[in-house]
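J.: So in this note's numbering, spot 29 of the sequence shown is number 375, and the numbers just go up one at a time. C-beta: ideal position from N, C-alpha, C; glycine also. Keep in mind that this is a model prediction, so the values were computed, not measured.
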Amino acid sequence: MENIPEHNTSIVSIVGKDNKHLFLLANLYYAPFDPESVLTVVVSLEHKPEVSWNTIHSMEQWCTSMDRSLGGNLFVVTMEGELHKFDGNQWGVTDLNCPDGLNSVWAANDNEVFIAGLGGERIRVINDQIE
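1) Is there at least one Cβ from chain B nearer than 8 angstroms to Gly-362's Cβ?
2) Which runs of the beta strand (DSSP E) spanning at least 3 residues fall entirely within the segment 375 to 420, listed in chain order?
3) Buried or exposed for Ala-377, going by 16 or more other Cβ atoms inside 10 Å?
4) In the DSSP assignment, the beta strand (DSSP E) including Glu-458 goes from what residue to what residue?
5) Using the Cβ count rule (16 or more neighbours within 10 Å means buried), how would you classify Ser-404?
6) In three-state terms, what does DSSP make of Lys-366?
7) Of all the options Val-459, Asp-380, Arg-468 and Val-389, which has the alpha carbon lying nearest to the alpha carbon of Gly-417?
8) Is Val-384 near Trp-408, with beta carbons less than 8 angstroms apart?
9) Could you please give me the residues that DSSP links to Leu-448 through a beta bridge?
10) What is the C-beta distance between Leu-391 and Leu-368, in whole angstroms, given that I count them as a contact (C-beta under 8 angstroms)?
11) Quick check: Val-361 and Ala-372, are their CB atoms within less than 8 angstroms of each other?
12) Would DSSP call Glu-337 helix, strand or coil?
13) Figure out for me which residue from Lys-366, Thr-386, Asn-365 and Pro-381 has the closest Cα to the Cα of Thr-355.
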């Protein structure tokens with residue numbers, strides 16, 4: 347198996363509603379780093395007492411931050427300037443027009459997030475509207 351490139355995993359964030367129900371954001375790529383090989387996954391983890399996990403979202407982008415609102419919505423930001431939101435049933439994507447990428451996201455509540463961009467942007471998204 348010498349021809350298979352080395353696979354690397356970068357765990358970016360872990361959030362959850364308690365210590366038995368967690369969500370993990372991880373970037374996967376082949377070394378040496380190749381932007382074309384990036385796959386990011388969001389997985390749900392549960393302890394029952396065995397650990398089980400399930401991929402709930404994946405994208406071919408480098409993600410930098412994830413947060414969870416108290417009501418359970420997940421928010422993920424990417425180096426492509428996108429906000430990915432999971433409301434418990436489906437994922438939605440909003441392009442925030444930040445060509446330098448996004449650095450962090452904080453969920454104030456289920457419908458309001460604050461985002462910092464790598465180019466100095468400060469963005470508020472409330473009810474899917476960009477402010």
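T.: Per the coordinate set shown:
1) Here chain B cannot be found, since the structure has a single protein chain.
2) 385 to 393, 397 to 405 and 409 to 414
3) exposed
4) 458 to 463
5) exposed
6) coil
7) Val-459
8) yes
9) Gly-463
10) 4 angstroms
11) no
12) Here the chain comprises residues numbered 347 to 477, so residue 337 is not present and cannot be evaluated.
13) Thr-386
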